[in-house]
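Enquirer: In UniProt numbering, the protein residues as written are 1 to 378. Even for Gly, the Cβ is constructed at its ideal location relative to N, Cα and C. Quick one: the structure is below, and I'll ask about it shortly.
Here's what the structure looks like:
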């Protein structure tokens with residue numbers, strides 16, 4: 001069936017939502033993506049981030065072409081050496097059927113995004129036993145299509161058609177074995193919590209009617225809550241968090257192939273940086289800014305023909321300097337705390353070349369703006 005366009009696109013909303021869920025609660029250092037496909041979500045987790053401090057990722061899929069694409073997407077590239085991670089990252093990609101996947105140990109988190117609707121009953125039971133009986137993650141996130149939303153995609157003029165009669169032609173993808181409505185999804189989730197009482201579940205989702213590019217007209221007929229989310233999400237939390245540990249295969253089953261292992265380069269860094277280290281980063285950021293925006297004036301300063309004073313907002317430097325963002329682990333609140341520190345610092349003068357330097361003449365604390373003067377010494 002045809003699917004209308006969302007803004008932002010539904011797959012983007014889904015990845016953002018999953019990431020936001022992982023940010024809450026116990027730190028997620030190891031994660032298994034069941035039905036990982038071509039690793040779109042795993043790739044989203046590769047950049048170093050303290051909000052989700054990943055050190056181990058694993059993905060499993062039954063489709064070899066998907067795992068091959070995942071391998072390509074997750075390969076270490078040149079840019080990964082230019083901006084090193086500040087913590088290690090190991091990745092394992094596995095090829096096989098969920099029914100044969102029984103030997104993985106504990107992980108902090110399990111994600112099964114748009115996976116379960118492809119499963120037969122035996123595979124769903126295997127998934128439940130693997131995740132909640134064996135892995136016992138601190139959090140498990142399951143997303144699946146909400147069948148109630150499909151009537152929107154059919155673009156019926158009255159929006160009053162019944163969705164009680166289901167066939168594969170009503171599903172969003174020809175490979176879907178089933179699609180649950182909200183009550184059916186909740187019934188399945190609560191049944192898991194009854195069988196594994198250490199878990200509780202809450203529900204959320206992404207892709208509302210008013211997120212559709214052409215959804216405004218439909219809102220005149222029914223409120224967005226009538227259909228719920230396009231993608232419904234169940235978040236299972238374990239009441240007692242297990243100690244964090246990497247997942248690994250023990251006594252690997254011959255039916256599960258360890259397709260690829262990937263290790264990313266990293267370098268431990270002093271965090272947060274010292275004021276002097278920060279000044280060295282500012283040197284490069286200022287120099288890049290000068291040659292990008294004030295190149296002609298800069299050469300006039302060097303020639304002794306004029307003086308140059310530049311105002312640089314603190315946040316402008318943050319937004320324009322990948323090195324500074326990386327050094328502060330992408331936490332702008334820590335970066336902004338250095339503004340008053342620079343005002344007190346004795347290291348205001350920095351040499352850019354043998355006879356050329358700049359000095360931070362003022363740091364306006366309230367507006368967080370540098371006033372910088374540049375000098376050339378003969």
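1. Taking the continuous beta strand (DSSP E) assigned at residue 145, which residues delimit it?
2. Please classify residue 338 as buried or exposed, where buried requires at least 16 neighbouring CB atoms within 10 angstroms.
3. By a C-beta neighbour count over all protein chains shown, 10 Å radius and 16 as the cutoff for buried, is residue 195 buried or exposed?
4. Of all the options 236, 96, 263, 6, which has the alpha carbon lying nearest to the alpha carbon of residue 137?
5. Buried or exposed, going by whether 16 or more other CB atoms sit within 10 Å of the CB of residue 202?
6. Starting from residue 256, trace the beta strand (DSSP E) in both directions and tell me its first and last residue.
7. Locate the alpha helix (DSSP H) running through residue 320, then write down its first and last residues.
8. Please list the terminal residues of the continuous beta strand (DSSP E) segment that includes residue 238.
9. For chain D, is any of its Cβ atoms less than 7 Å away from the one on residue 63?
10. By DSSP's criteria, residue 41 is part of a beta bridge. Which residues make up the other side?
11. Excluding the 5 residues preceding and the 5 following residue 272 in the sequence, name in chain order all residues of the same chain whose CB lies nearer than 6 Å to its CB.
12. Classify residue 175 as helix, strand or coil using the three-state DSSP reduction.
13. Nearest to residue 20 by CA position, among 146, 327, 233, is which residue?
14. With residue 90 as the anchor, note down where its beta strand (DSSP E) starts and where it stops.
15. Let's see if you can read the secondary structure: which residues bound the beta strand (DSSP E) around residue 110?
16. Would you mind working out which of 265, 141, 134 sits nearest residue 185, comparing C-alpha positions?
17. Counting C-beta neighbours from all protein chains within 10 Å, is the total for residue 39 16 or more, i.e. buried, or is it exposed?
18. For residue 15, which residues in the same chain have their Cβ closer than 8 Å to its Cβ, ignoring the five residues on either side in sequence?
19. For a test of the three-state rule: what should DSSP assign to residue 34, helix, strand or coil?
20. Could you tell me which of 81, 143, 52 sits nearest to residue 35, measuring between CA atoms?
21. Out of curiosity, what's the CA-to-CA distance linking residue 117 and residue 64?
22. Classify residue 119 as helix, strand or coil using the three-state DSSP reduction.
23. Of all the options 208, 6, 62, 119, which has the alpha carbon lying nearest to the alpha carbon of residue 174?
24. In whole angstroms, give me the CA-to-CA distance for residue 336 and residue 86.
25. Using the beta-carbon count (16 or more within 10 Å), is residue 264 buried or exposed?
26. Starting from the C-beta of residue 66, find all residues in its chain whose C-beta is less than 8 Å away, skip the five residues before and the five after it, and write them out in chain order.
27. Give the DSSP-derived three-state secondary structure of residue 338 in the structure shown.
28. Beta carbon of residue 109, beta carbon of residue 76: below 7 Å?
29. Excluding the five sequence neighbours on either side, which residues of its own chain have a C-beta within less than 7 Å of the C-beta of residue 92, listed in chain order?
Expert: The short version:
1. 139-145
2. buried
3. exposed
4. 236
5. exposed
6. No beta strand (DSSP E) contains residue 256, which DSSP labels as neither H nor E.
7. 314-320
8. 231-238
9. Absent here is chain D; the protein component of the structure consists of one chain.
10. Residue 41 is not bridged to any residue.
11. 334
12. coil
13. 233
14. 89-95
15. 109-113
16. 141
17. buried
18. 40, 41, 44
19. strand
20. 143
21. 19 Å
22. coil
23. 119
24. 21 Å
25. buried
26. 36, 37, 38
27. helix
28. no
29. 58, 258, 261
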